[in-house]
Structures are given as C-alpha cells and as structure tokens.
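These protein sequence lines are chains A and B, in that order. Letter by letter, the first sequence follows residues 36 to 242 of my numbering. Letter by letter, the second sequence follows residues 36 to 242 of my numbering. Heads up, the beta-carbon is just placed ideally off N, CA and C, and yes, glycines get one too.
2 protein chains.
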Amino acid sequence: MNKLPEKTIGRLSEYRRTLLICLAKGKTHIFSHELANLHHITAVQVRRDIMLIGYSTTLKKGYDVKALIDVIAQIIDTDEGLNAAVIGAGNLGRAIITYFNGKRTKLRIAASFDVDTEKANRVIAGVKCYPMTDLNKIVKELNIRIGIITVPPEDAVSVAENLVNSGIKGILNYTSTPLSVPQNVYLEEYDMITSLEKVAYFVKQKK
Amino acid sequence: MNKLPEKTIGRLSEYRRTLLICLAKGKTHIFSHELANLHHITAVQVRRDIMLIGYSTTLKKGYDVKALIDVIAQIIDTDEGLNAAVIGAGNLGRAIITYFNGKRTKLRIAASFDVDTEKANRVIAGVKCYPMTDLNKIVKELNIRIGIITVPPEDAVSVAENLVNSGIKGILNYTSTPLSVPQNVYLEEYDMITSLEKVAYFVKQKK
DNA sequence: TATTTAATGTGAAAATATTAACAATGTTCA
DNA sequence: TGAACATTGTTAATATTTTCACATTAAATA
Ligand SMILES: NC(=O)c1ccc[n+]([C@@H]2O[C@H](COP(=O)([O-])OP(=O)(O)OC[C@H]3O[C@@H](n4cnc5c(N)ncnc54)[C@H](O)[C@@H]3O)[C@@H](O)[C@H]2O)c1
Ligand SMILES: NC(=O)c1ccc[n+]([C@@H]2O[C@H](COP(=O)([O-])OP(=O)(O)OC[C@H]3O[C@@H](n4cnc5c(N)ncnc54)[C@H](O)[C@@H]3O)[C@@H](O)[C@H]2O)c1
Chain A
36 MNKLPEKTIG RLSEYRRTLL ICLAKGKTHI FSHELANLHH ITAVQVRRDI
86 MLIGYSTTLK KGYDVKALID VIAQIIDTDE GLNAAVIGAG NLGRAIITYF
136 NGKRTKLRIA ASFDVDTEKA NRVIAGVKCY PMTDLNKIVK ELNIRIGIIT
186 VPPEDAVSVA ENLVNSGIKG ILNYTSTPLS VPQNVYLEEY DMITSLEKVA
236 YFVKQKK
Chain B
36 MNKLPEKTIG RLSEYRRTLL ICLAKGKTHI FSHELANLHH ITAVQVRRDI
86 MLIGYSTTLK KGYDVKALID VIAQIIDTDE GLNAAVIGAG NLGRAIITYF
136 NGKRTKLRIA ASFDVDTEKA NRVIAGVKCY PMTDLNKIVK ELNIRIGIIT
186 VPPEDAVSVA ENLVNSGIKG ILNYTSTPLS VPQNVYLEEY DMITSLEKVA
236 YFVKQKK
C-alpha cells in the first residue's frame, strides 16, 4: 500500500465524504456503480481504487460502507490525528474554519492566526485566533502540522516562510501568490479562478 | 486547436495568472524554465503546453509576456465575456465575490442571490444580491451563464436544478453535496477537505 | 566574425491513468 | 434446487500525460 497514485488519494477522500453521508442516512452497503455515478466516474475506476487499497468484499451486495470508511481512514488518517491552523482570519479563513469544524475526527483546525489586533486573542468561528507573534510558540504547543494560508496575496510569501520555520510540514495555499517550500514540506495550491476559467472554457466549447 | 487536454487548460489559466503578475511588474519576457519553477513543473511541460496552443517565439529571450497572455485569452475567454453569479451570499460567497472582482476582464461576477431577505436587494461585496425568486428573470436580463453554488449543503441540489432550469451552462459547486446535471451543462466541484486530506496524507508519508 | 552557450520546438519513448473484457462467484427467483 | 443474473477483482489493452533527447537557432562572447 506504499505507493498510491496521487489521483487515487484525491478520489478516496471524495469517496469517504460520500460514504459518510450514506452512513448518516443508514445505508449500509453501496455498489461500485453507485459510488461511480455520484462522482461522475466509471465503476471500474472505483473498483480499481478500492482494489489498490486492499479492501475487498465477497458479497455481491456492494461494499460495506462502514468497513470501507475504516479502510480509507487507515490510508489517509494518522492514529493521533493531525492539527491544522488557518493563517489570516478574514472572510475566507472564517468560511474554512466554519466549514471544517467537526467534519473529520482525525483532522482538526486547532487555531487561527492574524496580525490584526482586533482579531487576535478572540474566538473566531469557534476557534481561538492568536496574534502572529505567537506563531512559533502555539505551533509547538498545539502540535500543528499543517498551515492553511488565507492572508492577502502580498503577505503569502513571508507567512509561508514563517510557517516553514515554525516546523510545519504541509501547506495549503489559497492565495494567488505562487509559493516555494523546501522538499520536506508538502505544498498544495488552489485558485478558484482556475476552476472558474475551466468552467468558462468548457461552456465556450459547448456553445 | 480544438482538442486541448483538460490538464493543459488548467495550467494555461495558472500561467496567465503568473504572466499577469509579471506584466504588472514590468517584466516583458519569461523563459519556459521560469514559468516552470513558479508552477513546480518542468520546463518541457510548459513548452509543450505552449506548443499546443500554437504560440511560438523565434527569440531566445523567452516568451513575450503580453503576447502569451493574449494567446491564452483567445483560448479561454470569449470576445463578449461571460457572466457568473454566486448563489448564497454567506461567508464563502462573499469571500469569492471580493476575491474575484476586477481580476479578469472577460469573466465577471455580475450578481449574487440569497433567500435571506436581509441580504436580498442589497449590495454585498460590491455586487448586487437578488432574492432567489428573481433568479430566472435576472439570469436572463444579465445573461448569466455560470453559477457558483455556496449555499448550505442541504440546499445544493434544489439550487442546482433551479440554475439548470434558468438556462445556465456551467456550475461550480463548492458545497459538499455531489450534484448531477444534464450533459449540456459543465460541472466542476471542489471540496477543501479533499485538498486538506491530500496534504495530510503526504505529511503522513514524509514522516 | 567565429565559437560557444543556452533556449525553443518536437518526435519518440516512458510513465501514468483509465477502460475493456472477462473469469469467478454470490444472489435472485422460476 | 439450479438457471439466469449481477457484481466484484483483475489482467490486458488503450488512452492520456509527461519526460527524454536532440536538432535548430538566437544570443552572448571571445
Ligand atoms: N483561492 C481562492 O479560491 C480564493 C478565494 C477567495 C479569496 N482568496 C484569497 O484568500 C486570501 C484571503 O481572502 P479574504 O477575502 O479572506 O481576505 P480578508 O482581507 O478578508 O482576510 C485577510 C486576513 O488576513 C489578515 N492578515 C493580513 N496580513 C497578515 C499577515 N501577514 N499574517 C497574518 N494575517 C494577516 C488580515 O488581518 C485579515 O483578517 C486573499 O489572498 C484572497 O485573494 C482566494
Ligand atoms: N468547498 C469548500 O472548500 C468549502 C469551504 C467552505 C464552505 N463550504 C460550503 O459552502 C457553503 C457556504 O458556506 P458559508 O460558510 O458561506 O455558509 P453561510 O451560512 O455563511 O452562507 C450560506 C448562505 O446561503 C444562503 N442560502 C441558504 N439557503 C439558500 C437557498 N436555498 N438559496 C439561496 N441562498 C441560500 C444563506 O442565507 C446564507 O447567506 C456551505 O455549503 C459550506 O459547507 C465549502
């Protein structure tokens, strides 16, 4: 199970989201083609992904929802769980904290940080916001491993440096500023404009 | 130029973002390896993408930033431009509107919609917010082609239906509810949790 | 000017990712 | 029960994406 394709990881996360919804609805089993339809991919793709993670069922009533969730958790989660922090408690930062809160048991947004003294030392969207000057201290105290950057674009580079120096191992960058980090830090970047432009391109093609 | 790989489209959008920053800084030419480094990919990849869109330069001083921006615009943009609307003017909706405003000339967030009567008929983040009951009328009036869904997850399905019925051709779904749309509508979905879980997985691997 | 250097463009190879095809086998129901 | 059916797991084929390797040529330099 050592070398899963990056794409598969992304899909596993998506499957789990769907499976958790099924679980909440009391659905105990799900067919590969059901999962496939919900994710707009083929059933073979789903079966292959599931094969890769080593889960299988002898049943012909589909996969056991609960069991599959557990196997995916084995892949993605760590036993102790991981703590993340949001840097920049503005509109987007708050939306992310609110959204995320309580969604996963092994992944927590444990703190936020902001330079704005109005925000620092308050609880924002249910999570304590610390002043940026406390970054190193709090990252160590709360064992924060992942930083989510939602500061203005011009501050992204310096914030990323601070995060790396504080010992963080993964960064999720939502600003439009491209970042660079050392080899031993994993970086993921997302820009809504790219998503929207993809939609625009395909809308144009369909016309 | 009819069949560009989907991946290339995403990268072209990203290149343009970087090129616009270069332009603003007064940088007139850029090497393939510079673009590559900024985007954490190889220079060959950049050259191949640029080859695919039919741009080339005889110069050995890199690509002409302005010219390349124009070629990418030819691919992604339409002459008249496209209008989008945000459905659900909450935290995320507002963050998106604020972020997007004025970033692109051919892609505009022309309206937002909300059921909350407090929000409807006000200007939120610089864009007028309409009541949901006006959806059909305004979509036609303002020629809105793309809908960005940022309502609570339980409302996503019905909102998507309304959007499709109103004649929209592309949907960008930010809720955690998987949607289904007719063939002639392009759907893009994004869930932050998946991004964060990818980071978590790779942080775990590196340990 | 002649030589060296460094950049692009691209065919071919390699690597990744997806899909087709089908054997194996529970499940359904006549 | 047993034939028909449906679903999984997986190998092989296909398709897509990325990278290699290098010919070509502008630019820099001696
Ligand atoms: N990727 C996307 O899809 C997307 C979408 C929307 C917004 N954005 C980007 O996300 C970022 C945040 O957007 P927003 O609308 O929340 O902005 P905002 O202005 O509401 O919030 C930014 C916050 O960062 C704080 N801040 C400023 N400098 C800081 C620093 N050096 N260290 C710590 N905190 C600092 C501010 O006090 C503020 O609270 C922006 O860069 C925006 O462009 C990205
Ligand atoms: N994909 C992601 O990365 C991501 C991140 C954060 C939040 N989210 C999701 O985005 C959505 C919005 O999050 P938020 O924090 O902005 O929530 P929010 O509660 O602040 O905003 C939701 C808005 O939608 C409005 N609304 C409710 N029902 C509606 C309907 N039927 N039609 C039109 N408008 C309606 C509400 O009045 C409110 O203004 C949620 O589904 C949330 O889970 C996704």
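- Rounded to whole angstroms, the gap between the alpha carbons of Val100(B) and His64(A) is 54 Å.
- Around Thr53(A), the beta-carbon contacts reaching into chain B at under 7 Å are Pro213.
- Burial of Arg129(A) is indicated by the presence of at least 16 other C-beta atoms within 10 angstroms of its C-beta.
- Straight-line measurement puts the Cα of Gly116(A) at about 14 Å from the Cα of Asn136(A).
- Apart from sequence neighbours up to five positions away, the residues of its chain that approach Lys204(A) with a beta-carbon distance below 8 Å are Arg180, Ile181, Asn219, Val220, Tyr221, ordered along the chain.
- Chain-ordered listing is empty here: chain B has no CB closer than 8 Å to the CB of Lys172(A), the nearest sitting near 21 Å.
- For ligand 1, a non-hydrogen atom lies closer than 6 Å to the CB of Met167(A).
- Excluding residues up to 5 positions away in sequence, Thr77, Ala78, Gln80, Val81 lie with their Cβ nearer than 7 Å to the Cβ of Ala71(B) in the same chain.
- Annotation note: the stretch 95 to 131 of chain A contains the following uninterrupted beta strand (DSSP E) runs of length 3 or greater, listed N- to C-terminal: 117 to 122.
- One alpha carbon belongs to Asn197(B), the other to Thr168(B), and they sit about 10 Å apart.
- Against chain B, the CB of Phe237(A) has a partner CB under 7 Å away; the residue lies at that interface.
- For the stretch 40 to 67 of chain A, the full-length alpha helix (DSSP H) segments reaching 4 residues or more read 41 to 60 along the chain.
- In the DSSP assignment, Leu207(B) forms a beta bridge with Ile183(B), Glu223(B).
- The alpha-carbon of Pro166(A) is positioned some 16 Å away from that of Ile144(A).
- For Val162(A), the enclosing beta strand (DSSP E) stretches over residues 162 to 166.
- Contact with chain A is found for Lys233(B), since one of that chain's Cβ atoms lies less than 7 Å from the residue's Cβ.
- Counting along the chain, no beta strand (DSSP E) covers Arg82(A); the unbroken alpha helix (DSSP H) around it starts and ends at 78 to 87.
- Residues are counted here when their Cβ sits less than 9 Å from a Cβ of chain A; for the stretch 65 to 79 of chain B these are Asn72, Leu73, His74, His75, given in chain order.
- The beta carbon of Val162(B) is closer than 6 Å to those of Ile132, Ile144, Ser147 in its chain, skipping five residues each way along the sequence.
- The DSSP-derived three-state label of Ser147(A) is strand.
- In this structure, the beta-carbon distance from Leu73(B) to Thr53(B) falls below 7 Å.
- As the crow flies, the alpha-carbon of Leu127(A) is around 32 Å from that of Val106(A).
- Residue pairing for Val158(B): DSSP places it in a beta bridge opposite Lys163(B).
- Contact note: Asn219(B) reaches chain A through Lys241, using a C-beta cutoff of 7 Å and chain order.
- Ile203(B) has a beta carbon lying at 7 Å or more from every beta carbon in chain A.
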